[in-house]
Amino acid sequence: MSALPAKFWDQLPLGTGVSLLHLDANGLAALNKPEGVLSHPNMESEVPRALLTVPYDIKDESFNWTPADVPGAAARRLYLLNRLDSATSGVILVTANQKLATYMRELFLKKDIRKLYQAVVFGKPSEASQLWRDRLSVQKKRAKIRVGMGTNSDAAAKASESRMTVIRQKRDVVPPLALIQLEPLTGRSHQLRVQCAGRNLPIVGDLTYGDFPANKAFAKTTGHKRLFLHSFSTSFDYEWQGKKFQFAAQAPLPAEFAQLL
1122 MSALPAKFWD QLPLGTGVSL LHLDANGLAA LNKPEGVLSH PNMESEVPRA LLTVPYDIKD
1182 ESFNWTPADV PGAAARRLYL LNRLDSATSG VILVTANQKL ATYMRELFLK KDIRKLYQAV
1242 VFGKPSEASQ LWRDRLSVQK KRAKIRVGMG TNSDAAAKAS ESRMTVIRQK RDVVPPLALI
1302 QLEPLTGRSH QLRVQCAGRN LPIVGDLTYG DFPANKAFAK TTGHKRLFLH SFSTSFDYEW
1362 QGKKFQFAAQ APLPAEFAQL L
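Position one of the sequence shown corresponds to residue 1122 (the working numbering), numbered consecutively onward.
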């Protein structure tokens, strides 16, 4: 049984298209976030576009609300454990247990969590599987982050690693397309998007690091304007209250991915 009654999870004020993927016995849950939905709002006007459509405490990293349609209901809180860019869809983790939230955030920092992404890219991968090693540099301008390939002499650049595996390809189109799986072994900002672009495999729909003419032509032909990057699965082992647990959640690949390949 979950640490909280089922009705807590049934009554979550989920954002548009957001769904519960998995809930374990300790109240650790995975949600499926659609493309375009914010992991959390940064201002009140963004609340309707967020994972949960209620106020968010930036300092506490939690959503807070009191159900208006439940007489005598106590205030409720849901802690956000990781984030996805609004343009990225897929698995995102939450819990209503503050102590578990603290533990899980430490687990994320230790990189003890396996995350798999899938992406549709322009181009032809040179090999079926590769380990990508790069140094990435981050620049912040006007509260926006821009990441680029660094050099060994760049002291500020950080080592970044990802494992790439080709799932399937479509070579009879111009430009060719490939569905690839990406496993980040480090957690740098925009890491997957920059590493793909740096190997002439820009992610379809990437408006920051992608192939702009190809994106424009693709959107005109298919009608799809989204970023084709999806957080496909998250899995890890953890110990809680003296017991060991395994957690695994998978978000189905959005229909538009399958339509392309």
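The beta carbon of each residue, even a glycine, is placed where N, CA and C say it ideally should be.
### Message
Pop quiz: Leu-1303 and Ala-1240 are said to be a contact at Cβ under 8 Å. What is the actual Cβ separation, rounded to whole angstroms?
### Response
Right, the Cβ-Cβ distance comes to about 6 Å (below 8 Å), so this counts as a contact.
### Query
What's the C-alpha gap between Met-1164 and Asp-1178?
Cα to Cα, the separation comes out at about 10 Å.
### Task
Could you tell me the boundaries of the alpha helix (DSSP H) in which Ala-1222 lies?
1219-1230
#### Entry: Cut-off 8 Å between Cβ atoms - residues of its own chain near Phe-1378, not counting five sequence neighbours on either side
Gln-1239, Val-1241, Leu-1300, Phe-1349 and His-1351
#### Entry: Straight-line gap, Lys-1265 to Trp-1130 (C-alpha atoms, nearest Å)
C-alpha separation (whole angstroms): 34 Å.
### Query
How many Å lie between Val-1383 and Glu-1248 at the Cα?
Residue numbering for the chain in the displayed model covers 1122 to 1382; residue 1383 lies beyond these limits and cannot be assessed.
### Task
Using the Cα positions of Ala-1196 and Gly-1148, report the straight-line distance between them to the nearest angstrom.
17 Å
### Message
Suppose contacts are defined by Cβ-Cβ distances below 8 Å. Is Leu-1199 in contact with Phe-1229 by that definition?
### Response
no
### Message
Rounded to whole angstroms, what is the Cα-Cα separation between Ser-1166 and Trp-1186?
### Response
Going by the C-alpha atoms only, they are around 16 Å apart.
### Task
Answer with buried or exposed for Glu-1156, where buried requires no fewer than 16 other C-beta atoms within 10 angstroms of its C-beta.
It counts as buried.
### Task
Take the Cβ of Lys-1154 as the centre, count every other Cβ of all protein chains shown within 10 Å, and call the residue buried at 16 or more, exposed below.
buried
### Task
Would you kindly check if the distance between the Cβ of Leu-1313 and the Cβ of Leu-1381 is under 8 Å?
no
### Query
So is Gly-1211 buried or exposed if we call it buried at 16+ other beta carbons inside 10 Å?
Buried is the call here.
### Query
DSSP state of Met-1122, grouped into three classes?
With a pLDDT of 40 at Met-1122, under the threshold of 50, the predicted position of this residue should be treated as unreliable, though the coordinate-derived value follows. Three-state DSSP puts Met-1122 in coil, outside helix and strand.
### Task
Given a cut-off of 8 Å, decide if Pro-1296 and Ala-1340 are closer than it, judged by their beta-carbon atoms.
no
### Query
For Met-1285, which residues does DSSP report across the bridge?
Gln-1251 and Leu-1303
### Query
For Gly-1269, which beta-bridge partners are listed by DSSP?
Ser-1258.
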